[in-house]
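First the structure, in the form of structure tokens, and then the observations on it.
Numbering (our numbering), first residue to last: 54 to 367.
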């Protein structure tokens, strides 16, 4: 009996040894023969002043032989580092992370995009009234917040070889958002008793990283504006990309806390700006209503008549 027990125990022990040896062998083969060390670098020669909090990189398998699915990595700062990744063929994108407004959407190389949260039209004025008038070209558009500055880049099919040291990939990020600076001078009745905000129609709701262009539906973006002088108001915001070839109409609407609004057609200014990095909208002449002390209270149900103003370019 004792001999039988001993032999059974020995057989079990031998089987366990074989199983453990087999698992370890597969793991070692999987790790050392198919995975590689890859150096990821960012060339900031196009954007020397960029200082992102983090950089996010996505690698997407470009053929059926490449092991696994999409893989993402995030680096602190803008320098990059070394990652572990299965050898194979990939396409890749990068963009800055660690932001408050940019939201990552999509799970494939062709549809990964950055967008923002929905907002109320009068968010910059800290109001959420649903009946704020909207210009005809954008009255049914969704309302989305303005993005923080976005830098991004994309790389087409590249191959990383197994058992090969010193492999490196370099991205060259460029600014993907366009900054828009609004300046309105010659403003009458400008007073701290009247709160202001603005909105612009017909801008892209997201940025398609692989294609390096604006993407998705046309939306309206709220704009924070404020007095910067006795008769001057200004605001600055970002949009996803320039729109040189667009046929959309862009209306900039100024809203007041005592329920008046003013529409400016800024289509030509937006489309004809020579820079893809920044647009300046400079307007002159805006007569605000006299403050009546009531503000946007629940007792006020109707907005004053809107005024469409021809642009007096400075």
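Don't be surprised by glycine CBs; every beta carbon is placed ideally from N, CA and C. Owing to the predicted nature of the structure, the values given are computational and were not obtained by experimental measurement.
Residue i, buried or exposed, once every other Cβ within 10 Å from all chains shown has been counted against 16
i, result
"residue 244", "exposed"
"residue 319", "buried"
"residue 166", "buried"
"residue 254", "buried"
"residue 343", "exposed"
"residue 82", "Any answer about residue 82 is weak, because its pLDDT of 39 lies below 50 and its placement is not dependable; what the coordinates show is given next. It is exposed - the Cβ of residue 82 has fewer than 16 other Cβ atoms within 10 Å."
"residue 219", "exposed"
"residue 121", "exposed"
"residue 144", "buried"
"residue 172", "buried"
"residue 312", "buried"
"residue 179", "exposed"
"residue 336", "buried"
"residue 177", "buried"
"residue 127", "exposed"
"residue 339", "buried"
"residue 140", "buried"
"residue 160", "exposed"
"residue 252", "buried"
"residue 129", "exposed"
"residue 210", "exposed"
"residue 282", "exposed"
"residue 223", "exposed"
"residue 170", "exposed"
Within 9 Å, strictly: CB atoms of residue i and residue j
i, j, result
"residue 260", "residue 203", "yes"
"residue 306", "residue 248", "no"
"residue 162", "residue 109", "no"
"residue 199", "residue 316", "no"
"residue 95", "residue 207", "no"
"residue 88", "residue 137", "yes"
"residue 256", "residue 324", "no"
"residue 90", "residue 194", "no"
"residue 217", "residue 100", "no"
"residue 293", "residue 229", "yes"
"residue 240", "residue 175", "no"
"residue 328", "residue 295", "yes"
"residue 152", "residue 102", "no"
"residue 192", "residue 93", "no"
"residue 205", "residue 265", "yes"
"residue 301", "residue 215", "no"
Residue i in three-state terms, based on DSSP
i, result
"residue 263", "coil"
"residue 87", "helix"
"residue 282", "strand"
"residue 198", "coil"
"residue 82", "Low confidence applies here, because residue 82 scores a pLDDT of 39, under 50, leaving its location unreliable; read the following figure in that light. Residue state, collapsed to three classes: helix."
"residue 186", "coil"
"residue 75", "Confidence at residue 75 is low in this model, with a pLDDT of 36, below 50, so its placement is unreliable and the value that follows should be read with caution. Helix at residue 75."
"residue 121", "coil"
"residue 191", "helix"
"residue 275", "strand"
"residue 157", "strand"
"residue 100", "coil"
"residue 177", "helix"
"residue 114", "strand"
"residue 209", "strand"
"residue 214", "coil"
"residue 229", "coil"
"residue 139", "strand"
"residue 224", "strand"
"residue 170", "coil"
"residue 133", "coil"
"residue 245", "coil"
"residue 106", "coil"
"residue 254", "strand"
Neighbour flag for residue i against chain B, beta carbons, 9 Å
i, result
"residue 320", "Chain labels in this structure do not include chain B; a single protein chain is all it has."
Query raised in the report: Hey, which unbroken runs of the beta strand (DSSP E) at 3 residues or more fall wholly within the region 285-350?
Result: 285-293, 304-309, 314-318, 331-340
Query raised in the report: Is the region 185-193 touching the region 127-137 in the sense that three or more CB pairs, one from each, lie closer than 8 Å?
Result: Contact fails: fewer than three Cβ-Cβ distances are below 8 Å.
**Report entry** the region 226-240 / the region 268-288 touching (three or more Cβ pairs under 8 Å)
**Finding:** yes
Query - Inter-stretch contact at 8 Å, needing at least 3 Cβ pairs: the region 272-280 / the region 189-199 - result: yes
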